Amino acid sequence: MLRAAQSLPSIQSAEGSVDAQSSLGSAPTLESAEGSGEAQNPQSFSSPPSTQLDEGSVNAQDFIRRFLGVPSAFVHPVSKSRSAQYMKVIKSLQFRKNEPLSSSDPDFPYKETLWIHEPGWHYGWDTDSGSIVWAVRIRPWDTLEPATLDSYKHSIETMMNASCCTPSIGNNGSQNLKLEDKISGSRIMAPLGEKLTQSKSIHTKHGSMHALGWHTTVGEKNKDVVYYTVSSSSNRTVEKFSKLLSGLKQVQDSYSEGLSSLLPSAHHKVTNEAIRLDSPSFASLHLFYDAADPSGSICDMNFPNSLTVTRSNFSNFSHMDADATDIAYGWWWTARLLDKNDWILDDAVDHALIDGGEFLIGDFQTGVLLSKCQGLVEIFWRGEMDEHCTLQSSSPPDITRFGTSIQITAKGVRAVERWKQAGGSQDRVTTPQDRIGNAVLRLQKRSLKDSN
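Under the working numbering, the very last position in the sequence shown is 460; numbers go up by exactly one each time.
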């Protein structure tokens, strides 16, 4: 992550960085911590930001803008240590109510949250460590260059199609309130002073999460590394999955370009880590291993192995991921339902039509106020290091907000290593083409059974 020179002081304020309704300096009403077992401490979540930039803050802000080559960037001073009390309230709230957070909940510390929503580049500058710890870029569609817009829209269509022909992930640990989720690896901890000794699942999971890429096997015998599966609900669904595979390289390129232009240091780190860990890209369709050259790559493209796509008012609990790196990056956009299995981009559909669904990085008291955003929203965050979640939302039945992320998962890395150590046999791999073949066989058996 980008760090300022040691001589630069910490930023205390950033011009235009705080929403008028959401002053970071507002003292919390600790009724929201009632019943949490927390001591009723009257201290505020954070000290009030200065109304004027001091000389040191101006120098630090200018350094970041010049270093990144974004003269108009918003630089927001944040602090994990000063957000500790805020996080206690957040964790207690979701624990007591046994459901993901909602910004419309009167107990939610809305006014104590730094809300990001203005078009442009936004960077969270951690005054404790001197690092950029999150980044957000908000771009109305008409501000993108025509070639970029065309490429991005094709990538988005591929991801929307993927959400229609892959099953919803049922073991997503971030949608269950647990002490430590052993399936997904997501760590959701009980607040201090409160006991959580067993799984405490919510009654209804909100929305759906879909995935493309390589992961460890779950219940598939004699397999080490497998590609996420396709739904075998119909021939049309399987055909849609088969067609979208050729578009995944463009999705990879779009995300690579997006992250490299938003935060070059994060892009540099995740690409280098993907090579070092030999992480097969979600866009790689085959794996290969040469026992005579064990140091050689197992795929044609090293990149994050996992691409997740959420929609239909998805929300989850505040958590940290179990990833192999601290780099997570994703896109958010809105779409309209064309029919029961097709989503399309529509110029008349934007984030304002959906209430809630904010992306919250609780460890830094920051949220992306998506309902006030326009067009494409990109977010970089440190998923493996910082608490984050998607808040509850509500939308018209034919409209949804998509959210995505690319990550190098720890379990994916371990699966690849296990496969290599076992000799790298193709018999222990399930490819996308294998998934298609298996789905076709299931459909044929179903059709034969129905005809008898």
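Think of the CB as a built atom: it goes at the ideal place given N, C-alpha and C, for glycine as much as any other residue.
Being a predicted model, the structure only gives us computed values, none of them experimental.
Using the three-state DSSP reduction, which class does residue i fall into: helix, strand or coil?
{"i": "A155", "result": "helix"}
{"i": "L256", "result": "helix"}
{"i": "M309", "result": "coil"}
{"i": "I416", "result": "coil"}
{"i": "D458", "result": "helix"}
{"i": "V421", "result": "helix"}
{"i": "V357", "result": "coil"}
{"i": "T475", "result": "Because residue 475 is not part of the residues shown, which for the chain are 9 to 460, the question remains open."}
{"i": "D363", "result": "strand"}
{"i": "L345", "result": "strand"}
{"i": "D134", "result": "strand"}
{"i": "H162", "result": "helix"}
{"i": "D334", "result": "coil"}
{"i": "E265", "result": "helix"}
{"i": "D301", "result": "coil"}
{"i": "F296", "result": "coil"}
Have a look at the options and flag the residue whose alpha-carbon is nearest the alpha-carbon of residue i.
{"i": "I407", "options": "V448, A360, A418", "result": "A360"}
{"i": "K248", "options": "A291, T174, L315, G227", "result": "T174"}
{"i": "Y235", "options": "S459, D442, L456, L451", "result": "D442"}
{"i": "S273", "options": "Q429, D334, D363, D394", "result": "D334"}
{"i": "G215", "options": "S401, L451, Q415", "result": "S401"}
{"i": "E366", "options": "S171, C381, F372, W129", "result": "C381"}
{"i": "F372", "options": "D354, G364, G391", "result": "G391"}
{"i": "H95", "options": "V421, T374, F410", "result": "Checking the sequence shown, residue 95 turns out to be Met, not His. For the residues V421, T374, F410, the minimum Cα distance to M95 belongs to T374."}
{"i": "L157", "options": "L378, Y263, E126", "result": "Y263"}
{"i": "H125", "options": "D136, R104, R147, F116", "result": "R147"}
{"i": "F311", "options": "L293, P405, G227, Q93", "result": "L293"}
{"i": "S326", "options": "G77, F71, Q102, A430", "result": "Q102"}
{"i": "G138", "options": "A155, V97, E153, S87", "result": "S87"}
Could you give the first and the last residue of the continuous alpha helix (DSSP H) run that contains residue i?
{"i": "P85", "result": "No alpha helix (DSSP H) contains P85, which is instead part of the beta strand (DSSP E) from 82-86."}
{"i": "H275", "result": "272-284"}
{"i": "L2", "result": "There is simply no residue 2 to check, as the chain begins at 9 and stops at 460 in what is shown."}
Using DSSP bridges, identify the partner residues of residue i.
{"i": "L368", "result": "G375, C397"}
{"i": "G411", "result": "T318, W340"}
{"i": "G128", "result": "I146"}
{"i": "P404", "result": "DSSP, once it has assigned bridges, lists no residue as partnering P404."}
{"i": "P288", "result": "N310"}
{"i": "H327", "result": "H396"}
{"i": "W427", "result": "According to DSSP, W427 bridges with nothing at all."}
{"i": "V448", "result": "V448 pairs with nothing; no bridge assigned."}
{"i": "T438", "result": "V234"}
{"i": "D115", "result": "None, per the DSSP bridge assignment."}
I'd like the span of the beta strand (DSSP E) that includes residue i, first residue to last.
{"i": "F388", "result": "384-389"}
{"i": "V317", "result": "314-319"}
{"i": "I5", "result": "Residue coverage of the chain in this structure runs from 9 to 460, which leaves residue 5 outside it and unanswerable."}
{"i": "V233", "result": "233-235"}
{"i": "L122", "result": "122-124"}
{"i": "N224", "result": "Going by the sequence as given, residue 224 is Thr instead of Asn. Start and end: 216-224."}
{"i": "I352", "result": "350-352"}
I want to check one thing, is the minimum distance from the CB of residue i to the heavy atoms of the ligand ADP below 7 Å?
{"i": "E425", "result": "Summarising the ligand content, the structure contains no ligands, and the ligand ADP is consequently not present."}
So, for residue i: in the same chain, excluding its five sequence neighbours on each side, which residues have a beta-carbon less than 8 Å away from its beta-carbon?
{"i": "R244", "result": "N349"}
{"i": "Q258", "result": "S159, H162, S163, T166"}
{"i": "L451", "result": "S240, S242, N243, V246"}
{"i": "P405", "result": "L345"}
{"i": "A291", "result": "L256, K257, V259, Q260, M309, F311"}
Which residues in the same chain have their Cβ closer than 7 Å to the Cβ of residue i, if we skip the five residues on either side of it in sequence?
{"i": "V448", "result": "V246"}
{"i": "M168", "result": "A343, W351, F410"}
{"i": "V421", "result": "L285, S287, A332"}
{"i": "A92", "result": "none"}
Take residue i and list the residues in its own chain whose beta-carbon comes closer than 6 Å to its own, dropping the five residues that flank it on each side.
{"i": "H396", "result": "I369, W389"}
{"i": "R145", "result": "W129, L270, E386"}
{"i": "G266", "result": "E386"}
{"i": "S250", "result": "I444"}
{"i": "G383", "result": "R147, P148, W149"}
{"i": "S268", "result": "H275"}
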